[in-house]
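Heads up, the thing below is written out as structure tokens.
There are 2 protein chains.
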Amino acid sequence: MLFFTQCFGAVLDLIHLRFQHYKAKRVFSAAGQLVCVVNPTHNLKYAPTRCAAAQTSTEQGLLPPCHHHEAVHDPQLVPCTCPLFSCPWEGHLEVVVSHLRQTHRINILQGAEIVFLATDMHLPAPTDWIIMHSCLGHQFLLVLRKQEKYEGHPQFFATMMLIGTPTQADNFTYRLELNRNQRRLKWEATPRSVLECVDSVISDGDCLVLNTSLAQLFSDNGSLAIGIAITTSKVHNAEAEM
Amino acid sequence: MLFFTQCFGAVLDLIHLRFQHYKAKRVFSAAGQLVCVVNPTHNLKYAPTRCAAAQTSTEQGLLPPCHHHEAVHDPQLVPCTCPLFSCPWEGHLEVVVSHLRQTHRINILQGAEIVFLATDMHLPAPTDWIIMHSCLGHQFLLVLRKQEKYEGHPQFFATMMLIGTPTQADNFTYRLELNRNQRRLKWEATPRSVLECVDSVISDGDCLVLNTSLAQLFSDNGSLAIGIAITTSKVHNAEAEM
Numbered sequence: 001m002l003f004f005t006q007c008f009g010a011v012l013d014l015i016h017l018r019f020q021h022y023k024a025k026r027v028f029s030a031a032g033q034l035v036c037v038v039n040p041t042h043n044l045k046y047a048p049t050r051c052a053a054a055q056t057s058t059e060q061g062l063l064p065p066c067h068h069h070e071a072v073h074d075p076q077l078v079p080c081t082c083p084l085f086s087c088p089w090e091g092h093l094e095v096v097v098s099h100l101r102q103t104h105r106i107n108i109l110q111g112a113e114i115v116f117l118a119t120d121m122h123l124p125a126p127t128d129w130i131i132m133h134s135c136l137g138h139q140f141l142l143v144l145r146k147q148e149k150y151e152g153h154p155q156f157f158a159t160m161m162l163i164g165t166p167t168q169a170d171n172f173t174y175r176l177e178l179n180r181n182q183r184r185l186k187w188e189a190t191p192r193s194v195l196e197c198v199d200s201v202i203s204d205g206d207c208l209v210l211n212t213s214l215a216q217l218f219s220d221n222g223s224l225a226i227g228i229a230i231t232t233s234k235v236h237n238a239e240a241e242m
Numbered sequence: 001m002l003f004f005t006q007c008f009g010a011v012l013d014l015i016h017l018r019f020q021h022y023k024a025k026r027v028f029s030a031a032g033q034l035v036c037v038v039n040p041t042h043n044l045k046y047a048p049t050r051c052a053a054a055q056t057s058t059e060q061g062l063l064p065p066c067h068h069h070e071a072v073h074d075p076q077l078v079p080c081t082c083p084l085f086s087c088p089w090e091g092h093l094e095v096v097v098s099h100l101r102q103t104h105r106i107n108i109l110q111g112a113e114i115v116f117l118a119t120d121m122h123l124p125a126p127t128d129w130i131i132m133h134s135c136l137g138h139q140f141l142l143v144l145r146k147q148e149k150y151e152g153h154p155q156f157f158a159t160m161m162l163i164g165t166p167t168q169a170d171n172f173t174y175r176l177e178l179n180r181n182q183r184r185l186k187w188e189a190t191p192r193s194v195l196e197c198v199d200s201v202i203s204d205g206d207c208l209v210l211n212t213s214l215a216q217l218f219s220d221n222g223s224l225a226i227g228i229a230i231t232t233s234k235v236h237n238a239e240a241e242m
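Protein chains in written order, with full-length UniProt numbering: chain A, 1 to 242; chain B, 1 to 242.
Spelled out as structure tokens, the structure:
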């Protein structure tokens with residue numbers, strides 16, 4: 001009898017875990033747009049014990065740009081590009097997406113325009129909201145990070161990286177848009193390559209940056225909706241053809 | 001002979017002063033757009049000796065929202081809305097523009113779309129760049145402020161205020177746009193009324209906010225170009241008609 005009770009308990013736990021996973025990255029369509037609900041993940045790379053040298057002496061909590069492996073024997077191999085963990089994996093660029101999906105459970109969405117709905121914006125820094133976005137034949141990594149660049153003053157940083165080379169990244173433009181309460185904030189830029197490392201993009205401030213007060217103005221019930229669109233940058237294509 | 005030398009010196013000083021004034025707010029047209037070069041003005045309201053209670057205990061260098069006069073006898077009179085100085089003037093809303101022009105030498109520009117070119121972005125906080133903008137039959141005050149909301153970390157805050165009532169302000173939308181190096185940042189919002197006070201808009205963070213690193217990315221040779229456009233907000237008009 002005890003055995004059956006334990007089995008039943010284990011099945012209940014599995015159902016609960018499955019539900020949690022489903023809840024974390026559920027996708028639905030609202031007003032013709034694909035809305036992806038993204039739950040936060042605590043960023044272990046920024047745990048206080050790992051706090052290392054900051055970019056400048058005045059900035060707190062920033063790690064040096066990238067944690068590349070000490071010895072990469074094959075120059076075609078790239079380290080894991082997951083911004084959350086220091087992972088010993090390395091592999092070819094073509095298999096980074098499957099590594100991120102399988103090992104780090106980062107979801108992937110299809111569609112030219114999607115809405116990234118980050119929940120629980122109130123959670124303390126360091127926290128990340130991450131998805132992959134498949135569009136125009138390529139995969140992109142969208143990272144929203146809450147981080148204390150200045151101690152005691154958390155800010156939100158949002159950027160999009162191409163899971164590809166810097167040369168490939170130059171062919172695209174990404175747009176992040178916040179729209180609420182008769183206010184609109186748009187950021188447009190060329191995505192950086194994941195080979196350049198998300199940490200350095202954020203420490204350089206070359207991304208959409210929101211103070212807590214501005215994030216609250218755009219939030220609804222603790223969630224922040226970011227409209228995402230990716231296009232091919234015609235200027236670059238025209239230049240390349242010349 | 002000494003008298004003539006002194007006269008000649010005085011005339012030279014006058015010419016120099018006139019040139020300085022011209023340099024401070026010169027306007028030229030580039031590629032069909034009216035470009036207004038705006039030199040910085042040191043904000044005396046934020047001098048360290050006047051540093052008063054901050055909005056929250058963690059925020060530095062913020063004055064309480066507005067310095068209204070202790071006793072305004074006529075409720076139709078408004079205090080001076082110049083964000084730079086604590087000025088004892090008060091008058092009717094209709095004459096605020098002429099007071100700002102004549103007493104505080106704030107320039108006024110005509111045109112639906114203009115480019116505000118703020119020079120010397122490197123100057124230390126507190127510094128303001130200010131013009132008035134005449135458009136759609138109304139006058140607006142554009143303020144770009146460099147301020148240390150968090151001690152040691154200057155930020156740039158840009159907002160547009162209607163020189164009119166809050167009800168009149170609800171009929172408009174303003175857009176501030178930065179565009180450089182394949183990056184674009186747009187902020188759209190309903191302007192606030194000058195009666196609400198620019199200091200409180202900035203302390204609330206309800207405006208375009210730029211970190212120093214982002215301001216540098218958009219700057220060219222120490223100057224920041226902000227494209228400005230004002231439109232009537234049809235949503236509000238439609239609602240008013242209902």
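Note that CB positions come from ideal geometry on N, CA and C, so glycine has one too.
In whole angstroms, what separates the C-alpha of G91 (chain B) from that of Y150 (chain B)?
35 angstroms
D170 (chain A) (DSSP reduced to helix, strand or coil)
coil
Check whether chain B comes within 9 angstroms of H99 (chain A), counting only Cβ atoms and requiring the distance to be less than that.
no
Contact the segment 219-231 of chain A vs the segment 178-195 of chain A: 3+ CB pairs below 8 angstroms:
yes
Does any C-beta atom of chain A lie closer than 9 angstroms to the C-beta of Q168 (chain B)?
no
Within chain B, the residues that R183 (chain A) reaches when beta carbons sit closer than 9 angstroms:
W187, E188, A189, T190, D206
Below 7 angstroms on C-beta distance, what does L217 (chain A) contact in chain B?
D206
Just the chain A side, please: which residues come within less than 9 angstroms of V201 (chain B) by C-beta, in chain order?
Within 9 angstroms Cβ-Cβ: nothing; V201 (chain B) doesn't reach chain A, min ~11 angstroms.
Proximal chain B residues relative to L214 (chain A), where beta-carbon distance stays under 8 angstroms
G205, D206, V209
Of the listed residues A:S86, A:V115, A:M132, A:H104, nearest to C36 (chain A) (C-alpha basis):
A:V115
Just verifying my parser: in three-state terms, what is the DSSP assignment at H153 (chain A)?
strand
Tell me the residue span of the alpha helix (DSSP H) that contains A215 (chain A).
212-218
Does any C-beta atom of chain B lie closer than 9 angstroms to the C-beta of H138 (chain A)?
no
Pull up the CB-CB distance for Q147 (chain A) and V209 (chain A), whole angstroms please, since I reckon it's below 8 angstroms.
Not really, about 10 angstroms apart at Cβ, beyond 8 angstroms.
Please name the residue in B:A215, B:D220, B:F218, B:C207 whose C-alpha comes closest to that of L217 (chain A).
B:C207
Cα separation between W99 (chain A) and P166 (chain A)?
Before going further, note that residue 99 (chain A) is His rather than Trp in the sequence given. Approximately 20 angstroms, taken between the alpha carbons.
Tell me, which residues are paired with H104 (chain B) by DSSP?
Note: H104 (chain B) sits in no beta bridge, so no partner.
Since M160 (chain A) sits in a beta bridge, which residues does DSSP pair it with?
A:L142
What residues in its chain sit with their C-beta under 6 angstroms from that of H104 (chain B), if we drop five residues either side in the sequence?
C82
Would you identify the three-state DSSP class for H42 (chain A), choosing helix, strand or coil?
strand
Verify the CB distance criterion: does T41 (chain B) have a CB-CB separation below 9 angstroms to chain A?
no
Cβ shell of C87 (chain A) (< 6 angstroms), same chain only, five flanking positions each side left out:
C80
Taking a contact to mean a Cβ-Cβ separation below 9 angstroms, would you say E196 (chain B) touches R184 (chain A) in this structure?
no
Roughly how many whole angstroms lie between the Cα atoms of I163 (chain A) and S219 (chain B)?
29 angstroms
Who are the neighbours of Y174 (chain B) on chain A, taking C-beta pairs under 7 angstroms?
Chain A residues near Y174 (chain B): none, gap ~11 angstroms exceeds 7 angstroms.
Check whether chain B comes within 9 angstroms of H153 (chain A), counting only Cβ atoms and requiring the distance to be less than that.
yes
Taking the beta carbon of P40 (chain B) as the centre, do at least 16 other beta carbons fall within 10 Å, making it buried, or is it exposed?
buried
Going along the chain, which residues of its own chain have a beta-carbon closer than 7 angstroms to the beta-carbon of N211 (chain B), five neighbours each way excluded?
Q155
Nearest CA to the CA of F172 (chain A): which residue from A:Q139, A:L84, A:R101?
A:Q139
Under 9 angstroms between the Cβ atoms of R145 (chain B) and D128 (chain B)?
yes
In three-state terms, what does DSSP make of D128 (chain B)?
strand
Considering only their Cβ atoms, is the gap separating I131 (chain A) from L141 (chain A) smaller than 9 angstroms?
yes
Out of A:R192, A:Q76, A:H153, A:V143, state which residue places its alpha-carbon closest to the alpha-carbon of S213 (chain A).
A:H153
Less than 9 angstroms between the C-beta atoms of V143 (chain B) and M161 (chain B), yes or no?
yes
Taking S134 (chain B) as the reference, give the member of B:D170, B:V38, B:L117, B:G111 with the closest Cα.
B:G111
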